[in-house]
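For the sequence shown, the numbering used here gives the first residue as -14, with consecutive numbering after it. Take a look at the structure below.
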Amino acid sequence: MKKLTILSIALLIFAATLEYPKLGLQPQAIGQTPTPQTPTPQPPIIQPQIPQPPTLQPPTTQPPTPQPPTPQPKAEDPKKLGYVSPEFAERFSQQQIDQINANVETLLLTQSCARCDLRAIKLVNIRLKNAIVTGADLSDASLSGSTFEISDFVNTNMARTDLSGAQLIGARISNTNLRKANLTGTNLDGADLRFSDLRDANLSNANLRNANIDGASIDRASMAGTTMPDGRKN
-14 MKKLTILSIA
-4 LLIFAATLEY
6 PKLGLQPQAI
16 GQTPTPQTPT
26 PQPPIIQPQI
36 PQPPTLQPPT
46 TQPPTPQPPT
56 PQPKAEDPKK
66 LGYVSPEFAE
76 RFSQQQIDQI
86 NANVETLLLT
96 QSCARCDLRA
106 IKLVNIRLKN
116 AIVTGADLSD
126 ASLSGSTFEI
136 SDFVNTNMAR
146 TDLSGAQLIG
156 ARISNTNLRK
166 ANLTGTNLDG
176 ADLRFSDLRD
186 ANLSNANLRN
196 ANIDGASIDR
206 ASMAGTTMPD
216 GRKN
């Protein structure tokens, strides 16, 4: 009986030995605790990174940087008037004013400016001798207190010109427009005023002694205190 038992155990061991290789196991003695096996390290599995499209951010709107205002010329800035009277500045362009001033410079330098534009100029208390302004436009000019000795104003436009207190001794002023001119206290001794237009002019206290006023128009002219050509005083 004991022999049969030993034989049975031997057969079982043999059978187990045959089966272990199939299972990838090492034969071990029955009754022994299997030795733990260290797991074989496996290389890490690298997952491919799928690139993500960049997230588009809406553009940030920046408030515009305020710009300093462009300086503008002031509307009330005066023109470069020079010799032109300020009260007549609005009547002329700057180009016209520049031309008038250039003409005045010519007159003062050369004593001559025939047929020149001298409108609304202001030449107070100047002194010119033998000046020639034949055919010039001196309308609205201010020449008060000035001296034009033996000067030529023939065919000149002197409408509304201020010649009060001026010295025009022996001046040639024939065929000249002197309508509404201010000749108060003006010395016109020996002046040639033939065929001049003196309508509405102010000749109060003017001196016309020895002046030639033949053919001159003096309608509505103020002549209070005027010394006439014959020396008679009104």
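Glycine included, C-beta positions come from ideal geometry on N, C-alpha and C.
- In the structure shown, the three-state DSSP call for I198 is coil.
- Burial is judged here by how many other beta carbons sit within 10 angstroms of a residue's own beta carbon; R164 has at least 16 and is buried.
- R76 carries a helical assignment under DSSP once its states are collapsed to helix, strand and coil.
- Counting every other CB atom within 10 Å of its CB across the protein chains shown gives R104 a total of 16 or more, marking it as buried.
- In this structure, the CA atom of S124 is about 22 Å from the CA atom of D174.
- Within the same chain, and ignoring the five residues on either side of G130 in sequence, the residues whose Cβ sits closer than 7 Å to its Cβ are V109, N110, G150, A151.
- Shown here, T119 sits in coil according to DSSP, grouped into three states, outside any helix or strand.
- By the criterion of a C-beta distance shorter than 7 Å, A121 is surrounded in its chain by C98, A99, R100, C101, L103, T141, once the five residues flanking it on both sides are discounted.
- When the Cα atoms are used, G210 and T169 turn out to be separated by approximately 10 Å.
- If the five residues before and after N187 are omitted, its C-beta is found closer than 7 Å to the C-beta atoms of N167, L168, T169, S207, all from its own chain and listed in chain order.
- Leaving aside the five residues that flank T132 on each side, the residues in its chain whose CB is nearer than 6 Å to its CB run, in chain order, R112, Q152.
- In this chain, K65 is not harboured by any beta strand (DSSP E), its DSSP state being neither H nor E.
- Bridge pairing for I106: V69 [DSSP].
- Rounded to whole angstroms, the separation of the alpha carbons of I106 and V89 is 8 Å.
- Rounded to whole angstroms, the Cβ separation of R205 and R179 is 20 Å, and the two are not in contact under 8 Å.
- In this structure K65 touches I82 by the C-beta definition: roughly 7 Å separates them, less than 8 Å.
- It is roughly 6 Å from the alpha-carbon of S181 to the alpha-carbon of N162.
- In this structure, T171 keeps its C-beta atom at 7 Å or more from the C-beta atom of L193.
- Distance from the CA of T146 to the CA of N219, rounded to the nearest whole angstrom, comes to 23 Å.
- With contacts defined as CB atoms closer than 7 Å, I154 and E134 qualify as a contacting pair.
- In this structure, the beta-carbon distance from A196 to P214 falls below 7 Å.
- Cβ-Cβ distances below 6 Å link G200 to R179, F180 in the same chain, with the five nearest sequence neighbours on each side left out; the list follows chain order.
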